[in-house]
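S.K.: Sharing a structure with you now.
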Amino acid sequence: MYRELLKSFGPQHWWPVSHHARNPSQARLEIAVGAVLTQNTSWKNVERAIAAMFAAGLMDAAKLRAMPEGNLAEVIRPAGTFRVKAKRLKAFMEYLWAHRGGRLDGLGAGELAAVREELLTVHGIGPETADAILLYAVGRPTFVVDAYARRVLRRHGWIPTKATYGEIQRLFHQALPQEPQVYNECHALLVELGKRHCRTRARCAGCPLENLPHDERA
DNA sequence: GACCAGGCACATC
DNA sequence: GATGTGCATGGT
Numbered sequence: 000m001y002r003e004l005l006k007s008f009g010p011q012h013w014w015p016v017s018h019h020a021r022n023p024s025q026a027r028l029e030i031a032v033g034a035v036l037t038q039n040t041s042w043k044n045v046e047r048a049i050a051a052m053f054a055a056g057l058m059d060a061a062k063l064r065a066m067p068e069g070n071l072a073e074v075i076r077p078a079g080t081f082r083v084k085a086k087r088l089k090a091f092m093e094y095l096w097a098h099r100g101g102r103l104d105g106l107g108a109g110e111l112a113a114v115r116e117e118l119l120t121v122h123g124i125g126p127e128t129a130d131a132i133l134l135y136a137v138g139r140p141t142f143v144v145d146a147y148a149r150r151v152l153r154r155h156g157w158i159p160t161k162a163t164y165g166e167i168q169r170l171f172h173q174a175l176p177q178e179p180q181v182y183n184e185c186h187a188l189l190v191e192l193g194k195r196h197c198r199t200r201a202r203c204a205g206c207p208l209e210n211l212p213h214d215e216r217a
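Sequential numbering of the first sequence, starting at 0, is according to numbering that gives the first Met the number 0.
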């Protein structure tokens, strides 16, 4: 699947970082913020919210931490569910100060499973958001299972409907070389596939995956 | 006007 | 543990 997608679409160069980011540290913050903002939301709307944050000088961990939640909510309004997300971003900043000295780069070291568990204790950070931050902000080898990945695997009968996040992630970890660059590319390609091709059927005209094995039992 | 988008927390059973 | 619901903008 990965090979077919790469052949069809080419490298996706993810995570998409805006031209506003001044340095690697700010880019990491933008990625982590984007991971929260994109929860159940189109990327287009997230881009607007991110641009508004830069315009307000809020793509800065200290400024973000100091900003009242209600004011932050108004800035990120275009992202949708903005009150919820303002609360989550604030919670994330509090975690950064309490456990990481206000910096993200420490997430790049230490035992991956332990760091991941730590992130999962933060309000508003679930498995997908944690994995997106770990993979894209600090380059850790953990696969991001999103709605697209789940849908594609389900359509091909490769997972049962009730498969959990962890079970699906395990499939990717077993099937792919355990390297962040590969997980990065594969996840991005799946999103591209989801955007370009049918949402309703397993097989549709021109789909790069139409010749892959299809398990009808699952 | 319905439906969807790169989830998650929370209530209820 | 499984299922249901609120959150909310902007595009199709």
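Each residue gets a CB set at the ideal place from its N, CA and C atoms; glycine is no exception.
Within a Cβ cutoff of 8 angstroms, which residues of the same chain sit near G107, ignoring the five residues on either side of it in sequence?
M.R.: Residues V137, G138 and R139 of the same chain have their beta carbon placed closer than 8 angstroms to that of G107, with the five preceding and five following residues left out of the count.
S.K.: Going by CA-CA distance only, name the one from V144, A48 and L88 that's closest to M66.
M.R.: L88
S.K.: Where does D145 fall in DSSP's three states?
M.R.: coil
S.K.: Could you check what DSSP says for W42 in three-state terms: helix, strand or coil?
M.R.: helix
S.K.: Taking DSSP as the reference, what is the three-state secondary structure of I221?
M.R.: The first residue shown for the chain is 0 and the last is 217, placing residue 221 beyond what the model contains.
S.K.: Please list, in chain order, all residues of the same chain as R82 whose beta carbon is under 7 angstroms from its beta carbon, the five residues on each side excluded.
M.R.: If we look at R82 and ignore the five residues flanking it on each side, its Cβ neighbours are A72.
S.K.: Counting pairs of Cβ atoms below 8 angstroms between the region 58-65 and the region 143-150, do you hit three or more?
M.R.: no
S.K.: So R102 is in the alpha helix (DSSP H); what residue range does that whole segment cover?
M.R.: No alpha helix (DSSP H) holds R102; DSSP gives it neither H nor E.
S.K.: What number of angstroms, rounded off, separates the C-alpha of I75 from the C-alpha of A31?
M.R.: Near 14 angstroms, if we compare the C-alpha coordinates of A31 and I75.
S.K.: Output yes or no for whether 9 angstroms exceeds the beta carbon distance between A50 and Y135.
M.R.: no
S.K.: Got a sec? Which residues, its chain only, sit under 7 angstroms from V45 by beta carbon, not counting five neighbours each side?
M.R.: Same-chain partners within the cutoff: G33, L36, T37 and A78.
S.K.: Would you identify the three-state DSSP class for D130, choosing helix, strand or coil?
M.R.: helix
S.K.: Just mark G113 as buried or exposed, buried being the case when its beta carbon has 16 or more other beta carbons within 10 Å.
M.R.: Correcting the residue type first, residue 113 is Ala in the shown sequence and not Gly. Classification for A113: exposed.
S.K.: Using beta-carbon positions only, say whether K86 and H122 come within less than 9 angstroms of one another.
M.R.: For K86 and H122, yes; Cβs fall inside 9 angstroms.
S.K.: Would a C-beta distance cut-off of 9 angstroms place W14 and N183 closer than the cut-off?
M.R.: yes
S.K.: Does the distance from the CB of R115 to the CB of L95 come in under 9 angstroms?
M.R.: Contact flag unset, no.
S.K.: Using the Cα positions of L192 and H155, report the straight-line distance between them to the nearest angstrom.
M.R.: 14 angstroms
S.K.: Thinking C-alpha only, which one of D214, S24, A131 and R21 is nearest C185?
M.R.: A131
S.K.: For the putative contact between L28 and M58, defined by C-beta atoms under 8 angstroms, what is the C-beta separation to the nearest angstrom?
M.R.: That belief holds up - the Cβ atoms of L28 and M58 are roughly 6 angstroms apart, short of 8 angstroms.
S.K.: Excluding the 5 residues flanking L126 on each side, which residues of the same chain have their C-beta closer than 6 angstroms to its C-beta?
M.R.: First, the amino acid is wrong: residue 126 is Pro here, not Leu. For P126, where only same-chain residues beyond five positions count, the Cβ hits under 6 angstroms are Y164.
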